[in-house]
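**Student:** Structure in structure tokens, see below.
2 protein chains.
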Amino acid sequence: MTQTPAQYDVIAIGNAIVDVIAREDDAFLATHALTKGAMQLLDAETAEFLYDAMGSAVEISGGSAANTLAGMAAFGKSCAFIGQVRDDQLGQVFAHDIRALGIAFDTPVRTQEPPTARCLIMVTPDAQRTMNTYLGASQFLPALALDKTTIQAAKILYLEGYLWDPEEPRAAMRTAIGYAKEAGRKVAFTLSADFVIARHRADFLALIEEGLIDILFSNEDEIRALTELESLEAAIAAIAPKVPVLVCTCGAEGAIAIVDGVRSETTAAPVAQIVDTTGAGDLFASGFLTGYVDGLSVEDSLKLGAIAAAEVISHYGARPEADLKLLRAQQL
Amino acid sequence: MTQTPAQYDVIAIGNAIVDVIAREDDAFLATHALTKGAMQLLDAETAEFLYDAMGSAVEISGGSAANTLAGMAAFGKSCAFIGQVRDDQLGQVFAHDIRALGIAFDTPVRTQEPPTARCLIMVTPDAQRTMNTYLGASQFLPALALDKTTIQAAKILYLEGYLWDPEEPRAAMRTAIGYAKEAGRKVAFTLSADFVIARHRADFLALIEEGLIDILFSNEDEIRALTELESLEAAIAAIAPKVPVLVCTCGAEGAIAIVDGVRSETTAAPVAQIVDTTGAGDLFASGFLTGYVDGLSVEDSLKLGAIAAAEVISHYGARPEADLKLLRAQQL
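First to last, the sequence lines map onto chains H and G. First residue of the first sequence: 5, per my numbering; consecutive thereafter. First residue of the second sequence: 5, per my numbering; consecutive thereafter.
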């Protein structure tokens, strides 16, 4: 198969979400029966109720895959994003912010209900984030929104597991995988969250068995849930032979990668003060993929992931604030 | 005149604005012919153009008088706000945030164009803020939105000079002053910005001459502009005899108050790192007024202003993040 030169380093399909971030204490989580550290989906009514209950907030563009692209763009990679917003003010905020980072974003805006997605995030004094997502327009990304040429023009197609849950985007992502594979491109996938795996485990395993996933991102809990194995090592051993690249983040313990059967590890990068862990996994992926695209060693790619993750947890919000190119130059 | 007990410590009339904050360098200000440190008004088209040009941003509720109330609420004072939003997402954000602080906000939402106000704020590496305001719905606050009983139920009516510029809110504020004075309440006024003084100097001087202003907030530039005197001391000397309380902030130099002819001063409170000066004057007013309401000495009221101002310039955004009651207990 001949490959045309890639226009983008990565194209991602993900939720187009604005984060609504407030500091809350553990009592707030208890009152509203929220599980610390988890992500849950809300319907419109519950989202409104919870928003009314939560404190004064800050709005910052988010979305898992979009955050990963924000990191890669900050590292200087060329990126494109596909995701669904509505023609409302939060949709304008999301579109503005992603384009301001130099990321191509051309998904046609939706002109009907529901509104643009938002994620109500409570950050507790221990810097943990508890996410409550109203998917709104984001779940209505149609396969029609995909441009085959654009998807085939990226070295890597990056997919967000969160978006496997709603039906329309799932179909769109299946289509996109076909386009990417047809052009000989790599497909990267992040498992995103336990509840997604609980609902779509068979699908994910089928994708992996069929050899459609080239780079799989996971955390400890997710790979255990995927394999239904208690032991992290057993879970890694079960999946690693089936994907060319497996990355498993382990929070403060660092991260592990198994590439073509060879294991590499990194410790977490130092952080003066952990403020808000939102986006840690997303930014880890941005650093690792940047290293992958740049042909760095697996160990250095892991380190770059740790550097990006450390930056994003040192402040509120899931988009990088510091100059990631400079941090790479200083710390790698 | 008999006074009924006050339900609120302060009721403020101000712009209902969401701030859109991005880091930009001096070259950005130069390219777009923006005057560093100033506030300018934008029409809808220019606001859209400038938003397109500016980088990825963060949205935080703002508005000068609303910021002052946010500070007073954080100090534990009871507050009410009057300001105009539209029934759009930014309007929901503003209303949510101010109510989440425990501030009463019952101004009927406007159901027609234009949209809720926003202020595009560029923060340069020197921590200076350059503000570009699209007033939108905010300038259509009608006198009808005022509830006489509510205004008369507050010890202090606080008015934002910015809102003297558009016609409808100016008429509303004149009405509100009448209500407050009729009930024997105090009227506080902040001059807000040079351009407002340039346009409404005669009005402001008339209010002062008529004895309608009990507490006047100003900064060095504003009191010079108001009096058309070069010397700060001469400007203060010209205005002080005409208002019971005159407060003049002098940036890093601290602040001066002249109360019934007696002069008090404070130095600025120490800040580890000045990040964003947005809201410094607004929060100074919140600290001073809190001291005034609590019957503190003028010197302590000035100190409380300096404490609140120091907190708000230590992070992005013009609303306090730290526990101001705790800072008061520790630092006063």
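Glycine included, every Cβ here is placed at the ideal spot set by N, Cα and C. As the structure is a prediction and not an experimental result, all values here were calculated from the model.
Identify which residue in G:A141, G:T128 and G:A244 has its Cα closest to the Cα of G:G87.
**Tutor:** Taking only the C-alpha atoms, the option nearest G:G87 is G:A141.
**Student:** To the nearest angstrom, how far is the alpha carbon of H:A256 from that of H:P245?
**Tutor:** Roughly 26 Å between the two C-alpha positions.
**Student:** With a 10 Å radius around its C-beta and 16 neighbouring C-beta atoms as the bar for buried, classify H:P173 as buried or exposed.
**Tutor:** Buried.
**Student:** Quick one: residues in its chain with C-beta nearer than 8 Å to the C-beta of G:R90, no 5 flanking neighbours on either side, listed in chain order?
**Tutor:** Here the set comprises V113, R114, T115, Q116, E117, P118, P119, T120, G140 and A141.
**Student:** Excluding sequence positions up to five away, which residues of its chain have a Cβ less than 6 Å from the Cβ of G:H204?
**Tutor:** Excluding residues within five positions, the ones whose Cβ falls inside 6 Å are W168.
**Student:** Buried or exposed: where does G:Q93 fall if 16 or more other Cβ atoms within 10 Å of its Cβ makes it buried?
**Tutor:** Buried, because 16 or more other Cβ atoms sit within 10 Å of the Cβ of G:Q93.
**Student:** Got a sec? Which residues, its chain only, sit under 7 Å from G:R332 by beta carbon, not counting five neighbours each side?
**Tutor:** For G:R332, where only same-chain residues beyond five positions count, the Cβ hits under 7 Å are F79, L308 and I311.
**Student:** In whole angstroms, what separates the C-alpha of H:S60 from that of H:D218?
**Tutor:** Taking the straight line joining both Cα atoms gives about 42 Å.
**Student:** Chain H beta carbons: is any one of them nearer than 9 Å to that of G:P118?
**Tutor:** No, G:P118 does not count as interfacial toward chain H.
**Student:** For the stretch 83-146 of chain H, list the beta strand (DSSP E) runs that are entirely contained and at least 3 residues long, ordered along the chain.
**Tutor:** DSSP runs (the beta strand (DSSP E)) wholly in the stretch 83-146 of chain H: 83-86, 121-127 and 133-138.
**Student:** Nearest by alpha-carbon distance to G:A206: which of G:Q132, G:E232 and G:G283 is it?
**Tutor:** Taking only the C-alpha atoms, the option nearest G:A206 is G:E232.
**Student:** Of all the CB atoms in chain G, is at least one closer than 9 Å to the CB of H:V62?
**Tutor:** So, interface residue.
**Student:** Between G:A176 and the ligand GTP, is the CB less than 8 Å from at least one heavy atom?
**Tutor:** Absent from the structure shown: the ligand GTP. Ligands present: none.
**Student:** When we look at the beta-carbon of G:R122 and count the other beta-carbons within 10 Å, is it buried (16 or more) or exposed?
**Tutor:** With 16 or more Cβ atoms within 10 Å of its Cβ, G:R122 is classed as buried.
**Student:** Using CA atoms only, rank isn't needed, just tell me which of G:F53, G:N19 and G:L73 is closest to G:T35.
**Tutor:** It is G:F53 whose Cα lies nearest to the Cα of G:T35.
**Student:** Quick check: G:A157 and G:I17, are their CB atoms within less than 9 Å of each other?
**Tutor:** The answer is no: Cβ separation not under 9 Å.
**Student:** Could you check the C-alpha separation between G:A48 and G:Y138 for me, to the nearest Å?
**Tutor:** For G:A48 and G:Y138, the distance between alpha carbons rounds to 7 Å.
**Student:** Shortest alpha-carbon distance to G:Q277 belongs to which of G:S318, G:A242, G:F288 and G:I260?
**Tutor:** For G:Q277, the nearest C-alpha among the options comes from G:S318.
**Student:** Buried or exposed for H:S82, please, with buried defined as at least 16 other CB atoms from any protein chain shown within 10 angstroms of its CB.
**Tutor:** Classification of H:S82: buried, given that the 10 Å Cβ count is 16 or more.
**Student:** Run through DSSP, which three-state label would H:E63 get?
**Tutor:** Correct three-state label for H:E63: strand.
**Student:** Please compile the residues from chain H whose C-beta is within a distance smaller than 8 Å of the C-beta of G:D23.
**Tutor:** Those do not exist, as G:D23 stays about 10 Å from chain H at its closest Cβ, beyond 8 Å.
**Student:** What are the boundary residues of the beta strand (DSSP E) that H:V24 is part of?
**Tutor:** That run of the beta strand (DSSP E) goes I21 to R27.
**Student:** Which of the residues in the stretch 92-118 of chain G, read from start to end, lie with their CB under 7 Å from any CB of chain H?
**Tutor:** Of all residues in the stretch 92-118 of chain G, D92, Q93, L94, V97, H100, D101, A104 and L105 have a Cβ within less than 7 Å of some Cβ in chain H.
**Student:** Counting C-beta neighbours from all protein chains within 10 Å, is the total for G:R267 16 or more, i.e. buried, or is it exposed?
**Tutor:** Per the 10 Å Cβ criterion, exposed.
**Student:** Using a Cβ-Cβ cut-off of less than 9 Å, list which residues of the stretch 276-308 of chain H approach chain G; keep chain order.
**Tutor:** Under the 9 Å Cβ criterion, the stretch 276-308 of chain H contributes no residue.
**Student:** Strictly below 9 Å CB to CB, what residues from chain G border H:Y138?
**Tutor:** Within chain G, no residue comes near H:Y138; the closest Cβ sits about 12 Å away, beyond 9 Å.
**Student:** Verify whether the separation of the beta carbon atoms of H:V251 and H:L306 is less than 9 Å.
**Tutor:** Cβ atoms of H:V251 and H:L306: closer than 9 Å.
**Student:** Tell me which residue opens and which closes the beta strand (DSSP E) that H:D2 is part of.
**Tutor:** This structure cannot settle anything about residue 2 of chain H, because the visible part of chain H is limited to 5 through 336.
**Student:** Going by alpha carbons, who is nearest to H:I260 out of H:A197, H:A239 and H:Y55?
**Tutor:** Nearest C-alpha to H:I260: H:A239.
**Student:** Which residue from H:E28, H:V249 and H:G258 puts its Cα closest to that of H:R133?
**Tutor:** The shortest Cα separation from H:R133 among H:E28, H:V249 and H:G258 belongs to H:E28.
**Student:** Can you name the residues that DSSP bridges to H:N223?
**Tutor:** In DSSP, H:N223 forms a bridge with H:T253.
**Student:** Would you say G:A210 faces chain H, with C-beta separation under 9 Å as the test?
**Tutor:** False, the Cβ-Cβ gap to chain H never drops below 9 Å.
**Student:** Ends of the alpha helix (DSSP H) at H:R276?
**Tutor:** Sequence inspection shows Ala at residue 276 of chain H; the Arg mentioned does not correspond to that position. Careful: H:A276 lies outside any alpha helix (DSSP H) and carries neither H nor E.
**Student:** At a Cβ threshold of 9 Å, is H:D56 touching chain G?
**Tutor:** H:D56 counts as touching chain G.
**Student:** Between the alpha carbons of H:A147 and H:S290, how many angstroms are there, rounded?
**Tutor:** Approximately 25 Å, taken between the alpha carbons.
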